[in-house]
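Its first residue numbered -14, the sequence shown is counted upward by one per residue in this note's numbering.
A virtual CB, placed ideally from N, CA and C, is assigned to each residue, including glycine.
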Amino acid sequence: MDIAVVAGAGVFVGLGLWLFTLGARNLWRAIASEHWPRVTAVASDSPSEPVEFHYDVGGVAYITTDRHFGQTGSSDAAEAQLISYRYPAGRIVTVAHHPNDPWIATAEPGFTSDLLWLPGAGLAFAVPGVMFIIMWFASSRGSERGFAIGMAMFASIFTTIGLIFLTNGLLNLWRTYQATHWPKAQGVVVCGRLDQSTHGTKPPPGDTDFTELSGNHFIYRFEVDGRRYYSNIRRFGQVDDSSMQHNDLYPLGGPITVSYAPGNPAISAVETGIANENYWIPGAGAAFFFFGLAVMIFGIPALTRSS
């Protein structure tokens, strides 16, 4: 039975370690890519996702589909539309490539939150697998110390998840607070629902950017210092955009005011100031974190206390 338990749980541990290794590699590449050589590239003519970037290094042609390392796929039509806006066919962009292996390249060097998903998934497989093995041997041998170690690992899962949500939530909370003081730019909704009312806002004819899309997100564009930007962020930390669509607050072609981060206009939002939805993600993170902390502080000592 011991062999069966170890073998079964070992599959999850092995899978988790493999995913974590891939995630750690992507994280290293993302950080290192900020200092890699840059070359110009051309976005592919194919309208399908992922976008291909064609570039040349030392007279040799290369292709990469990495917009950024650790990128994840999305079934959201608005997200795919946003990518097509940012990288239209034939657009000239700059990619950073590995100095020794030019086929390793990215159009968006540096850290992104997507990098956390793969190592997080690896830990989600590996830690419970190790915990199950420890708990099995502890229960079959009557070891209180083994139970304590298993409970510590159980608690660490919750505290780690909590810290991830807390970090992301607090960052968004800080951004939405700071955004009230950021520079402003006039923008327009280029992808969303068309206002069906008689006197509603209508997109101007002849502009191919405007796309009607039924969904819970919208996309807007704005310009800063002559450069055009696109985003689908209504509010930092946004959770549910269904009310926005149902109330037709941002119809296709409607004018909006965009707040953008000084020095990095790609970080932007339409609504600023702290609202109730800004507390959902950090609140969930705090619940996970303090539950795990309580298990460590109270549960483990109670388990190991001598009778």
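Provide the residue(s) that pair with residue i in DSSP beta bridges, ordered along the chain.
i        : result
Phe207   : Gly172, Tyr214
Asn249   : Ala246
Thr25    : Thr79
Ala(-11) : BP columns for Ala(-11) are empty, so no partner.
Ala254   : Ser244
Tell me whether the beta-carbon of residue i lies closer than 8 Å to the beta-carbon of residue j.
i      : j       : result
Val24  : Val42   : yes
Ala170 : Glu208  : yes
Tyr205 : Val175  : yes
Gly114 : Val(-2) : yes
Thr57  : Glu37   : no
Ala251 : Arg220  : no
Thr165 : Gly239  : no
Ala81  : Ser18   : yes
Glu93  : Arg52   : yes
Trp293 : Ala246  : What is shown of the chain runs -14 to 292, which leaves residue 293 out entirely.
Gly55  : Thr97   : yes
Leu237 : Pro188  : yes
Ile241 : Val173  : yes
For residue i, which three-state DSSP category applies?
i      : result
Ser291 : With a pLDDT of only 49 at Ser291, under 50, the local geometry of the prediction cannot be trusted, and the value read off the model is given with reservation. Here Ser291 sits in coil by DSSP.
Pro189 : coil
Thr91  : strand
Thr145 : helix
Asn85  : coil
Tyr70  : helix
Asp51  : coil
Thr64  : Checking the displayed sequence, the identity of residue 64 turns out to be Glu instead of Thr. The answer is helix: DSSP assigns Glu64 an H, G or I state.
Asp194 : coil
Thr6   : helix
Asp180 : coil
Leu103 : helix
Asp45  : It should be noted that the sequence gives Val, not Asp, for residue 45. Looking at Val45 - three-state DSSP - the assignment turns out to be strand.
His166 : helix
Tyr40  : strand
Pro240 : strand
Ala123 : helix
Hey, residue i and residue j are a contact pair by Cβ (cut 8 Å); roughly how many whole angstroms apart?
i      : j      : result
Gly248 : Asn157 : Wrong, their Cβ atoms sit about 19 Å apart, outside the cutoff.
Leu234 : Phe110 : Not confirmed; about 41 Å, so no contact.
Ile119 : Gly135 : 5 Å
Thr186 : Asp194 : So it is not a contact: roughly 15 Å between Cβ atoms.
Asn11  : Leu103 : 6 Å
Leu108 : Thr145 : 7 Å
His20  : Ser29  : About 26 Å separates the two Cβ atoms, so there is no contact after all.
How about residue i: is its Cβ closer than 7 Å to a heavy atom in the ligand FAD?
i      : result
Phe274 : In the structure shown, the ligand FAD is absent, as is every other ligand, since no ligand is present at all.
Kindly say whether residue i, judged by its beta-carbon, lies nearer than 8 Å to any beta-carbon of chain E.
i    : result
Gly1 : In the displayed structure, chain E is absent; only one protein chain is listed.
Task: Segment contact flag, the segment 121 to 135 with the segment 82 to 101, C-beta cutoff 8 Å, min 3 pairs - done: no
Open item on the list: Check whether the segment 63 to 82 and the segment 1 to 12 touch, using three or more Cβ-Cβ pairs below 8 Å as the test.
Closed with: no
Open item on the list: I'd like to know if the segment 148 to 156 and the segment 265 to 277 are in contact, where contact means that at least 3 CB-CB pairs between them fall below 8 Å.
Closed with: yes
Open item on the list: Using a Cβ distance threshold of 8 Å, determine whether the segment 272 to 289 contacts the segment 140 to 147, with at least three qualifying pairs required.
Closed with: yes
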